[in-house]
Structures are given as structure tokens and as C-alpha cells.
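Numbering of the first sequence is given in the working numbering, commencing with residue 470 and proceeding in unit increments.
Cβ coordinates follow ideal geometry from the N, Cα and C atoms, glycine included.
Here the structure is a predicted model, which means the values were calculated and not measured.
Please read the structure below before turning to the comments.
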Amino acid sequence: MENIDYARVFEEIADLLEIQGANPFRVRAYRNAARTVETLSQPLESLLKGEEQRLEELPGIGKDLAGKLRELFQTGELEFLNELRQQVPASLVQIMQIPGLGPKRARQVWDALDITSVDELEQAARSGALEQLPGFGSTMQARVLKGIEELKARAGRFKLSDADIYVQPLLAYLRQAEGLVDLEVAGSYRRRCETVGDIDILATTSNGSSVMDHFVAYREAREILAKGPTKSSIRLKAGLQVDLRLVPQESYGAAMHYFTGSKAHNIAIRGIGRERGLKINEYGVFSGDRLICGETEEEVFGAVDLPWISPELREARGEIEAARVKRLPKIIELEDIRGDLQMHTTYSDGRNTAEEMVQACRERGYKYMAITDHGPALRMAGLKPSDFRRQFAEIDELQERLDDIRILKSAEVDILEDGSLDLSDGLLAEMDVVVIAVHSKFNLSRAEMTKRISKAMQHPQVNILAHPTGRLINRREPYPVDVEELVKVAQNEAVMLELNAQPDRLDLRDFHLQMAREAGVKIVINTDAHRTAELDYMHYGVDQARRGWLEEADVANTYSLAKFLELMQK
DNA sequence: GCCGTTTTCGGCCCGACTGTTTTCAGTCG
Ligand SMILES: Nc1nc2c(ncn2[C@H]2C[C@H](O)[C@@H](COP(=O)(O)OP(=O)(O)OP(=O)(O)O)O2)c(=O)[nH]1
Ligand SMILES: [Mg+2]
Ligand SMILES: [Mg+2]
Ligand SMILES: [Zn+2]
């Protein structure tokens, strides 16, 4: 019964209801609720256990959906979903994953051809039965077959850092087009989401531009998905989709707001506009047919009496309410960072020596750093106690020659299966800061894993829990663990939680960070660099921290060395 | 299905691109 995916259940209900032809607003309610429970900064389970009506206080969760969440929590099942699956084949929702096929056409192939799965649909398309259906032509049939192939290849979402590989060359190419004024990346990339489904680019022009023709002629494009005067999409050879939107220069602000999203944020802002008799779209803010403003984002927010909101916060997770009462957080910036507390050297699995890492940290203006090579439990990469002592002596020597940075002796100590550590208390006592993390034995139950990590955190010499959930984006699920409980332990034991800035970790997640902030637990943003260049991953960590509403004071490595050392006192 | 000091009923964001639609539905952003 542990680990019910509440969001998935609501998503499935939304899909099935939509195929059934239910009221679109009812469908949207389920989709919104799925989003809400997925990204909750208060843990859903503690709300579910509570006696009171706390669940109903969540935006978009009323009596009915709260009841369904409770039923799921208590029984592990949902009668309503089971009944729905009797009425609509559950495998039909897969058909909606194919580009160009939505609820109406899923319904149509089910009704007309008794198709209930992607495989059956593929057969119908191959046999030519599909193009006989009203509304389906040969073009559509071919598109479906292609869509099914792509679905099998499964490009999926791209890590933000992978998207970065393609963004700069593409922008450089687009800038060659005639008639361009602005060119900016919007969408989830601008909101600095940990993964992006595509790249959304906004261009503006004063007198018309040839940018659309130029765009679809990009040599890295594999396919043109759509092409119109204001909006075109291509798929890159790498599989990544790119959407380009072109609007008049005077619509820059409104278009940027629209194209940055998120969708839920847009709907909320437009709803507020509507209450005030305003129409907000990507071209501007309108009163009737009269354009009121739209040149800048500030104007758009201003039209609904809100201050400008950072893109990272635009997720309809309370930022609008916070902005309304002037309580938006002043979120952290890269320049606030004064140190990096996890990195590796050639002593373990790093590529650069301690001296090189120190030099690289000084170049980045850091005032302190910790060298955290692995303990002996990592057999290939780990250090024996004697290696650590050798390294500490080397650090002493390096430190003697430097007065602009403090090198903290440390280690990334492994949390063993029973919650004990792979280095002795004696050795830990020789360190300035102790970082702990799980690196093996992931297949414990949630309760066991939580107990294991909690025990390690209770060790009196431990300061930082690194990459607390162990997930690797697109490669490895987090091990099962109760992050809410870890936050509580961190609070009681004065342990800090790491936000690991490696772009495939970004661990903790944004909503975990919000949870920690609300509990007053300090976060440390570390790059876990395995070479000097990886120290620059810090900005990914800061981006994630911004999405988690963290302010400078919430992040321990924004403090001066003295203050940071003070924070570690138990 | 949710929501509300203008409402407990009647609203719910708004627009672009595609295809076979003869005047616009479906899908997607
Ligand atoms: N008003 C409005 N805006 C939308 C809607 N769908 C998308 N947008 C806007 C907000 C999105 O951030 C932006 C880009 O759309 P995308 O589908 O690419 O979404 P986004 O980039 O947020 O996430 P992604 O990582 O691409 O899945 O377009 C919508 O239904 N209504
Ligand atoms: Mg996008
Ligand atoms: Mg897009
Ligand atoms: Zn590690």
C-alpha cells in the first residue's frame, strides 16, 4: 500500500472521462488536482492522516476529490476508477499519447473500429482501415504510423543541461534571420525546470521577418512539424522539439508572459484579468478591443495589480497569492554563493588534484570549500583512513600558502545498510565538516530506508546529508524514502540537507526544498564536482533552489565562513 | 469538479495550425 501514485490516478481518470466525453471543466479539475498533489510542498500523507479538513484547503481540491484521495489512502484502491475502467478500456489512454490523436479521435476509433490499444490501432493503420474513417485521411493515417514509431523510440523529456547543448547554436542560427528584434527562450527552459519537453523560443519583429522560413531550414532539423506565420515547430535530429513564436515587437511582454507559462499560471492570470473585464492573450492586455499594454511583462502583471514574478515561481503554486500580498520570496541568486561543500579529487573518482580544485574554487571567488572524497565503502573509488590522513596533511600544506579561501577537510561518508558510517568516529573528528550519503543497497522498504538514513543523520558528527533521494533524472528512480521525515530529523539534529547541483541529480527537488524551507532546515547547494569544470554546475543548483522559493538566508553556503561554521554547531 | 464580500448556480484562458472541414473541429501551444 505504500507509494500510491495519486497524481497518476487523477491523470487516468481525467483521460478516461475525456474519452467518455465528460464536461471539459470536470476533466480539467482532475488534471489540476494531479498537478497539485504531485508537487505539494506539504507532504500529502500527513494531510491524509490528519483528522481535520486540511485536504480541502488545497487549491482545486474540494469535498469530492478529497474523499477520493482518502479512499485511495485507506484502501489502496478507488471504486470510481474501477467503474470507469469498466466503461472505457484503460489502454485507450495510450492512444492519446500519439501526436495528433486526442480524446475525440480515441473515442472515434474505439466506436467505429473497436480499437482499444496502440497495437490494434497500428494494425488498422497498416491495413488502411483507419483512413476510411470520417475525419481521417491518408495523411492522418501516415501520421499515426509515424507517431507510433516515435512513441516506441520514446524521446521523452530532456534534462535542462542537455537542452543547453542545443539552445545556443540554435539561437546563433536564428539571429541571422532578417527583421528580428528580440529573441528569447521561454517555456519550461526559462522557468528552469529540471527537465524540458521542448524548447520554446519567442521572436519579435517590427516590420515582418523571414525568421519562420529560416527556422524550418535549420540544418539540424529532422522534420517540420508545423509552419505558420506566427508559430512553427521543428524536431531536431536529436529528437528535441523546438517551438518558435513570432509576434510584433509591441507584444513582447505579453508574448513572453504567455510563452513562459506555466500553463496553469497563465490560466490563473488570465482568470484574474477576466474578473476585471480584461482580456489577456499573447498580444497584450485588452479592454474590449482596446489594447491597454503588453510591451513588457511588468505591464502585464501590473494590469492585474501584481508585481513582476520570477519565471521560476510561475507554477501556480501560490506565487500569485504571495505576490498579491507582497510576500513573494526574494529568491537566491548565483552571486550569493560563497562556497561549495562537495567535490572529489584524484584521491577518489575525481579528475583533478586537490590543488587544482582549490585553484578553481578561488577563481570562482569562493571563500570556503570542502573536499569530500569517498569513504572506503565505495571499493573502487573509496579512500582508506590512511589516504584521508595523507590528504588532510596535503590540505594543511595548501592552506598554509593561501589566505583567501578556507579548505575544509571532509569526506562523502557512506551510509551503510544498517545506518552506520564507513569511517570511524576518530577520523570524522579530524574533519571540519562531515557529509553523508547513500550509495548502495537501494532496495530497502521505504520505512527501512528512512530509518537507515535517519540513524546516520543522528550521528553527532554529521553535518550534511547529500543527494537525499538518490534519483538520477531519466535513469534511476529515487529510492523509497520519506523526505518529510528526513526534514524533521534534519531539524532536530541540526543537519543540513544538500541540493546536489549535478544536472542529472538536482536532488532535492523543488517541492522538497520548499518543505525544508518551511521547516527552517538549511539547504546546502553543492556541485559534487568530479572535475574543475563541473564547479560551474552551481547555477543549475541555484536555478532549482529558486524554483523551491529559497532565499539567500535559506542556503547555508551563502553565509560567510564564520557564519557557516556556526550553523554547523549542534 | 471547484469556486464565490458583487454569486451556492453558472461560470471556468485564449489563440494558432492542420486537414478534407464546404464553414470548422480537433489538437496543441
Ligand atoms: N494560455 C495558455 N498558455 C499555454 C497553454 N499551453 C501552453 N501554454 C504556454 C505556457 C507554456 O509554458 C508555453 C509553452 O508550452 P509547452 O507545452 O512547451 O509547455 P512548457 O514549456 O511549460 O513545458 P514543457 O517542458 O515543454 O512540457 O505555452 C494553454 O493551454 N493556455
Ligand atoms: Mg516547452
Ligand atoms: Mg512548446
Ligand atoms: Zn555521492
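Any non-hydrogen atom of ligand 3 within 7 Å of residue i CB
i	result
G697	no
G656	yes
D894	no
D712	yes
Residue i beta carbon near ligand 1 (any heavy atom closer than 7 Å)
i	result
N735	yes
T729	yes
K732	yes
C662	yes
D631	no
Neighbourhood of residue i by C-beta distance below 7 Å, restricted to the same chain and skipping five residues each side
i	result
A791	L797
V451	Missing from the structure shown is residue 451; the chain here goes from 470 to 1039 and no further.
E825	T1001
I530	A502, T505 and L524
R434	Nothing can be reported for residue 434, as the shown portion of the chain is limited to 470 through 1039.
H981	V952
Buried or exposed (CB count within 10 angstroms, at least 16 for buried), residue i
i	result
E866	exposed
P572	buried
V769	buried
S1029	exposed
A1022	exposed
D872	exposed
R660	buried
R783	buried
K1039	exposed
N961	exposed
I634	exposed
P493	exposed
T996	buried
S596	exposed
R786	buried
G708	exposed
A593	buried
Contact set for residue i: own chain, Cβ-Cβ below 6 Å, skip 5 residues either direction
i	result
L892	G844 and V882
R714	L671, K700 and F728
A998	M812 and L1004
A476	A503, V506 and E507
E767	W777
F479	Y499, A502 and A503
R591	Per the sequence presented here, residue 591 reads as Glu, with Arg not at that position. Hits under 6 Å: I617.
I933	V904, M965, E967 and V993
P512	E953
T681	The sequence given here has Met at residue 681, not Thr. Here the set comprises S701.
K853	P845
CB of residue i within 8 Å of CB of residue j, strictly
i	j	result
A935	A906	yes
T674	R626	no
M984	S510	yes
G1017	D973	no
K799	E1020	yes
L527	L517	no
E719	E764	yes
L885	M838	no
L652	F684	no
V654	D669	yes
A880	M849	no
K910	G888	no
V990	V956	yes
I942	K628	yes
Nonlocal neighbours in the same chain, by C-beta distance under 8 Å from residue i, ignoring five residues either side
i	result
E426	Lying before the first or after the last residue shown, residue 426 is absent from the chain, which here runs from 470 to 1039.
R915	E471, N472, P949, V950 and D951
Distance cut-off 7 Å: residue i Cβ against heavy atoms of ligand 2
i	result
V665	yes
D973	no
D669	yes
beta-carbon residue i near ligand 6 non-hydrogen atom, thresh 7 Å
i	result
D758	With respect to ligand 6, the structure shown offers nothing to examine, as its ligands consist of ligand 1, ligand 2, ligand 3 and ligand 4.
- Query: If you scan the segment 723-771 from start to end, which runs of the beta strand (DSSP E) of 3 or more residues do you find wholly inside it?
  - Reply: As far as the segment 723-771 is concerned, its whole beta strand (DSSP E) runs of at least 3 residues are 748-750, 753-756 and 759-762.
Requested in this report: Output the residue ranges of the beta strand (DSSP E) runs that lie fully inside the segment 581-662 and measure 3 residues or longer, sorted by chain position.
Outcome: Taking 3 residues as the shortest admissible run, the segment 581-662 contains the following complete beta strand (DSSP E) segments, listed from N- to C-terminal end: 649-654.
Inside the segment 850-880 only - beta strand (DSSP E) runs reaching at least 3 residues
Runs of the beta strand (DSSP E) inside the segment 850-880: 875-878.
Beta strand (DSSP E) runs wholly inside the segment 780-809, at least 3 long, in chain order = Those beta strand (DSSP E) runs which fall completely within the segment 780-809 and span 3+ residues do not exist here.
Notebook entry, point to check: Which ranges would you report for the alpha helix (DSSP H) in the segment 493-555 if only whole runs of at least 4 residues count?
Noted result: Listed in chain order, they are 493-507, 513-518 and 532-544.
Q: Can you check the segment 819-844 for any alpha helix (DSSP H) of at least 4 residues that lies completely inside it and give the ranges in chain order?
A: Complete alpha helix (DSSP H) runs here, min 4: 823-832.
(message) Could you tell me which whole beta strand (DSSP E) segments of length 3 or greater appear in the segment 936-1017?
(response) Taking 3 residues as the minimum length, the beta strand (DSSP E) runs contained wholly in the segment 936-1017 are 965-969 and 992-995, in order along the chain.
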